[in-house]
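S.K.: Have a look at this one before I ask anything.
Protein chains: 4
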Amino acid sequence: MNKVKTARIGDPPARKQDREEPGSPASEKAAKPAENTRPQILAAAAEEFAAKGLAGARVDAIAKSSGCNKAMLYYFFKSKEDLYVEVLENIYADMRRYERDLDLAHLKPLEAIRRLVEFKFDYLERHPLLIRLLIGENLNDASYLKRSKRMRSMHLPLVHTISKLLEAGVADGTMRPGIDPVQLYISISALSYFYFSNAATLATAFEHDLLSPAAKTARRDHAVDVVLRYLLVAP
Amino acid sequence: MNKVKTARIGDPPARKQDREEPGSPASEKAAKPAENTRPQILAAAAEEFAAKGLAGARVDAIAKSSGCNKAMLYYFFKSKEDLYVEVLENIYADMRRYERDLDLAHLKPLEAIRRLVEFKFDYLERHPLLIRLLIGENLNDASYLKRSKRMRSMHLPLVHTISKLLEAGVADGTMRPGIDPVQLYISISALSYFYFSNAATLATAFEHDLLSPAAKTARRDHAVDVVLRYLLVAP
Amino acid sequence: MNKVKTARIGDPPARKQDREEPGSPASEKAAKPAENTRPQILAAAAEEFAAKGLAGARVDAIAKSSGCNKAMLYYFFKSKEDLYVEVLENIYADMRRYERDLDLAHLKPLEAIRRLVEFKFDYLERHPLLIRLLIGENLNDASYLKRSKRMRSMHLPLVHTISKLLEAGVADGTMRPGIDPVQLYISISALSYFYFSNAATLATAFEHDLLSPAAKTARRDHAVDVVLRYLLVAP
Amino acid sequence: MNKVKTARIGDPPARKQDREEPGSPASEKAAKPAENTRPQILAAAAEEFAAKGLAGARVDAIAKSSGCNKAMLYYFFKSKEDLYVEVLENIYADMRRYERDLDLAHLKPLEAIRRLVEFKFDYLERHPLLIRLLIGENLNDASYLKRSKRMRSMHLPLVHTISKLLEAGVADGTMRPGIDPVQLYISISALSYFYFSNAATLATAFEHDLLSPAAKTARRDHAVDVVLRYLLVAP
DNA sequence: TATGAATGAGAATTCATTCAT
DNA sequence: TATGAATGAATTCTCATTCAT
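In C-alpha cells, the structure reads:
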C-alpha cells in the first residue's frame, strides 16, 4: 500500500491588505478603499467567528481588526448574525465548489478514493477557519446553516461520485460490494476532521504535538490506510 | 463479521429533582437543603454550557433552571468560568473512570477491540452533554481543560490497553503488525464522535435523520467494521 | 502684624451646562455634541467621588448627573477607577499649576510667606472638591495617586521657592535661620487643610459654625499669624 | 527652646486572640468563647473600617478576620452601620477619656502646652486606626458621629483646660494675651493630625519616608516649636 | 461611504442581610 | 450562640445596534 505524494490543494484565505499605501493609485481621496472594506470586514469576521464562535465573537473586535469602524459593519451587513451567515456561506461554498470540481473520474477507483481521502485531509489542514466555523456551527445546532438557502445539498454531488467509484471498484474487482457511500463519506470526513477539530483536547491527553508536520503526515497516511483497507475485498 | 448486541453502558447524568415534593419522606423541615443545591447547580450548568458553550451560556439561566438564586452560584463557585471548569472536569472524569474500568482483558483481542468500538459509540450516544462540552471546549482551544490539574493523562491508560491488545492480536495471528495504537485510538474516537458532534451540519447535507435508532445502529456497525477490517491481516 | 486683604484666587470648577439650550448660538444641529460629554462626565465624577469617595461613589449616579448614558462613561474611560484617577489628576494638576504660577519673587520674604499662607487657605476654601478627593485618597493610602505618572514631584517647586524665601528672610534680617522648608510647607498646608478637611468632625465638638464667613476669616488670620510668628527672629 | 523627652502614652489596640487553644480552660464545649466573640468582631471591624472606610469595608471581610461568621455579626450588631458606629464611638471615647485625664494642672503653663502638643502627636502616632476612622468619618460629613449620643462635647473639656493655661501663661508673663483657645486647639491638632492623615499623599511629593522614626521625631519637635513660638510674648 | 458618539438592554458579580437548624 | 446556606437588590461593566454628521 504505497503512498503517493499528492499535490496539496486549497486556496489560502484572502488576507486583509494594509491600509494607507501612500503612493497607491487609489488617489483622489479614498476613491477605491470602499471596494475593499466589505471583503476586509468579511475576512476579519471569519477570523473572529472562527476563533470565538458566534456567541463569543465581538463586533468591536471585528471592526477593529478589519481596520474600519463598527458603523461600517452595519452599513454592509444587517446584523452580527447576518455577517456570521455570510462568512459561513462563503467558506462553506468554497468547500462545495472545491469538492464539486474534484476530478476523480479519470483515475482508477481505488486510486480515486485514495486521492479523495488525501484531498479531504489536505483541505481541512489548509482551512482551519472552516474547521472552527463548523465546530461553532455544530454548537449552534447548525441553525444558521439550515436557515441559509445558498447551501442546500452540499455533500450530495460528492456522495454521488463516491457511489460511482464504489460501483466501478466492484466492477474491476478491487473493492468489495455492499459499501454504503454515505457511511464511507462520513468516515472519510471523520478520520481527518476529528484530528483537527479535536486537536486541542487530544493534545491534553497525548503529550506530543499533533500538529507538527511529521504528525500530520503520519495521520494522513493512516487515514488513507484505514479507508482503503475498508474497501478492499475481504482477506 | 457478525454483530454482537452488546449491553449499552453509561450512566445517565443525574438530574435535578424538582424541589418541594410535599409528601416526600424527607419529613418535616426539608432535611438538609444544602446538600442538593451544589449538585443541582452543576447539573443545570452542564445543560446550559452544553447547549450554548461557555460564551453563550447565561448565568441567569443556570440559576433559574437549577431552581436557586444566582448568588448561590457564586457562593459555591467563584465565577462562571470556574463553574464551567468544574462541569467539564466532572463529565470528563466520568468518561475517564468509565474507560479505565472497561474490562477487556478476558476477551480475545479482536473481540476486545470490537467491544471497545461499541463501548465508545454507546458512551458518546448516551452522553450528548459530553459531546457538546467537548465541541465547545475545542472552540476554546481546550484552554480550560489545559488549566485543570485534575485531568492529566486521561486517555493514556486506554492507549496502553490498546497496545496490549494489538500485541496479543499479532501473537494469536488475528491482527497485522505495525499498527500505531494512538492513531487507532484517535480513529476509533473519530468514527463515533464525528457522527454525533457533526450531526447537525451533516443533517443539512443528508436528508435522512442521522439520529434515528436505525441510523445509529447502522453507524455503529459501520464503525466496528471499519476498525476491524483495518486490523485484520492483509488480504 | 496687620492683615492684608489679598485678592482670593482660584478658578471655580467648571460646571456642566444644562443640555438643550434651545436658543443657543450653537445654531442648528447642536454643533459637536461630543465635545462636551467627556468634560461633563469628569465634572459629575468629581462631584460624586468628592462626595462619597471611590468606594462609595456610584457609576450610575455619575452617569445620571452628567446627563449621559452609563455606557458613555465606559466609552471614554476604561473603568470606574480610571475615571477616578483622571478626576484626581485633573484637580491635582490644577493645584500644581496654581502653585507653580504663584509669583512671590517680587515680594519681601515675610510678605511673600504671608501671601503663600493666604493663597493656600483661599485655594482650599475655594476647592472643596480637592479637599474631599484628598481625604478619600488618603483613605486609599494614595494608591491611585501613586499609580499615576502625571503627578510626580508636585510640591517640590513650591518647596524650592520656600527655601529661597527663607534664605532671603535670613539675609534681610526678618527671619531666623535654621527653618526646615519642608516642615514649614507641611505646617502651612496643615493649618488650612485640617480646618476644612475636618470641619465635619470639629463641628460636632464646637457648636459654632466653622464655615461661616467670619469663622473662616478668623481662621485665615490665625494661620498667617502662627506661621509668621514661627519665622520671626526669636524674642 | 530645649526638647523634653516625654514618655509616650497611648494604649495599644487590643488584638484578637488566636482561637482554638486545645488545652485551654474554655472546656465543656465552648462555654467561654462567647465572651470573646463580640470584642473580636469589634477589633476586626475597627481594622476593616479604618482600612477601607464605611463604604469600602466588607462585612464578609470583618467576619472572616474576626474568626467568626457573618450571622454572628448580625447577632451582636444590628447592621453594618451600627457596627461602624460602635467602633467609632469606642475609639473616640478612648481619645476623649485620654484627653480628659491629661493632668497638666501641676505644670507651668508653657510646659503644659508643650506636653499637650507632644501628647497629641504621640497619641495620633500610636493610634493609626483613630486617624483613619476620622478620615473616613470626615468623608461621611461626620454623619455617624453627629448621630451618636455618646459623643457630645468631646473636645470642650480640653479647650477649657487650654483657656486656663493661656490665662495662667499671661499671668506669669510667659505668654501673650489675646490667643483664641479654640484656634489654638485646632492648630495643635492640625500640626500633628495632617502629618499622619496625609502621609500617603505627602509621600508622593516628598521622596523621603515621612514615617521613619527620625522623621517623626523631627515633626514632633517642629510642631512643639511652632506652637510655643506662637504663644511667646512678641519679639 | 465613513466616523465618533450615543444608547438601552443585558450580563456577570457583589453585598448586606436573613433563615433554618 | 453558632453556622452554612440562602436571598434580592444593587453594582460594575459589556455589547449589539443606531445616530448625527
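Chains as they are written, first to last, in the working numbering: chain A, -4 to 230; chain B, -4 to 230; chain C, -4 to 230; chain D, -4 to 230.
For each residue, glycine too, the CB sits at the ideal point set by N, CA and C.
(1) Using 8 Å as the threshold, is the C-beta distance between B/G131 and B/L37 below it?
(2) What is the DSSP secondary structure of A/L49, counted as helix, strand or coil?
(3) So, is the C-beta of A/Q35 closer than 8 Å to a C-beta in chain B?
(4) For D/R142, count neighbouring C-beta atoms within 10 Å of its own C-beta (all shown protein chains included) and say buried if the count is 16 or more, exposed if not.
(5) Measure how close the beta-carbons of C/L251 and C/I108 come, nearest whole angstrom, since I'm counting them as under 8 Å.
(6) Going straight from the alpha carbon of B/K115 to that of B/I181, what length do you get?
(7) Can you tell me the Cα-Cα spacing of A/A209 and A/I183, whole angstroms?
(8) When the Cα atoms are used, what is the spatial distance from C/D220 to C/I174?
(9) What are the boundary residues of the alpha helix (DSSP H) that D/E84 is part of?
(10) Got a sec: is the Cβ-Cβ distance from B/M67 to anything in chain A below 8 Å?
(11) Using a Cβ-Cβ cutoff of less than 6 Å, which residues in the same chain neighbour B/S61 once the five nearest sequence positions on both sides are dropped?
(12) Helix, strand or coil for A/G223, going by three-state DSSP, please let me know.
(13) Counting only C-beta atoms, is B/M90 closer than 8 Å to chain A at any point?
(14) How about A/H122: is its C-beta nearer than 8 Å to some C-beta of chain B?
(15) Taking only beta-carbon positions, decide if D/I181 is within less than 8 Å of chain C.
(16) Could you name the residues of chain A that B/A146 contacts, counting a contact when the two beta carbons are closer than 8 Å?
(17) Alpha carbon to alpha carbon, what distance is there between D/N133 and C/P72?
(18) Please classify A/M170: does DSSP put it in a helix, a strand, or coil?
(19) By a C-beta neighbour count over all protein chains shown, 10 Å radius and 16 as the cutoff for buried, is C/H155 buried or exposed?
(20) Under DSSP, the alpha helix (DSSP H) around C/G244 begins and ends at which residues?
(21) Is the CB-CB distance between B/L125 and B/R110 below 8 Å?
(22) Looking only at C-alpha atoms, which of C/C63, C/F44 and C/N193 sits nearest to C/E30?
(23) Just checking my contact of A/R127 with A/A52 at CB under 8 Å: how many whole Å lie between their CB atoms?
(24) Report yes or no: is there a C-beta of chain C within less than 8 Å of the C-beta of D/S192?
(25) Whole angstroms are fine: how far does the CA of C/M146 sit from the CA of C/Y87?
(26) Taking DSSP as the reference, what is the three-state secondary structure of C/A100?
(27) For A/P20, is the classification buried or exposed, using 16 other Cβ atoms within 10 angstroms of its Cβ as the cut-off for buried?
(28) Is it true that the CB of B/D55 sits closer than 8 Å to the CB of B/K65?
(29) Leaving out five residues before and five after B/V228 in sequence, what residues of the same chain have Cβ atoms less than 6 Å from its Cβ?
(30) Excluding five sequence neighbours on each side, which residues of the same chain lie with their C-beta closer than 8 Å to the C-beta of D/T169?
(31) Could you check if A/A199 is buried or exposed, using at least 16 other CB atoms within 10 Å of its CB as the buried criterion?
(32) Along chain C, in chain order, which residues have C-beta atoms closer than 7 Å to that of D/V177?
(33) I'd like the list of long-range same chain contacts for C/P176, defined as Cβ closer than 7 Å, with 5 residues on each side in sequence excluded.
(34) Could you spell out the range, first to last residue, of the alpha helix (DSSP H) harbouring A/A66?
(35) Can you find a heavy atom of the ligand MN that lies under 7 Å from the Cβ of B/N31?
(36) Tell me whether A/H122 is buried or exposed, calling it buried when 16 or more other Cβ atoms sit within 10 Å of its Cβ.
M.R.: On the basis of the supplied data:
(1) no
(2) helix
(3) no
(4) exposed
(5) Absent from the model: residue 251 of chain C. The displayed extent of chain C is -4 to 230, so no value can be given.
(6) 11 Å
(7) 21 Å
(8) 17 Å
(9) K75 to D96
(10) no
(11) Q35, I36 and A39
(12) Note on residue identity: the sequence assigns Leu, not Gly, to residue 223 of chain A. Of the three classes helix, strand and coil, the one that applies to A/L223 here is helix, per DSSP.
(13) no
(14) no
(15) yes
(16) The sequence given here places Met at residue 146 of chain B; Ala does not occur at that position. Correct list: T199.
(17) The question names Pro, yet the displayed sequence has Phe at residue 72 of chain C. Rounded to the nearest angstrom, the two C-alpha atoms are 28 Å apart.
(18) strand
(19) exposed
(20) Beyond the ends of chain C as shown, which are -4 and 230, falls residue 244 of chain C; an answer cannot be given.
(21) no
(22) C/C63
(23) Not really, about 11 Å apart at Cβ, beyond 8 Å.
(24) yes
(25) 8 Å
(26) coil
(27) Any reading at A/P20 is ruled out, since the residue's pLDDT is 44, under 50, leaving its predicted position unreliable.
(28) yes
(29) R171
(30) K103, P104, L105, L226, L227 and V228
(31) In the sequence under discussion, the amino acid at residue 199 of chain A is Thr, which differs from the Ala named in the question. Result: buried.
(32) F201
(33) V154, I157, S158 and L161
(34) K65 to F71
(35) You won't find the ligand MN in this model; it holds no ligand whatsoever.
(36) buried
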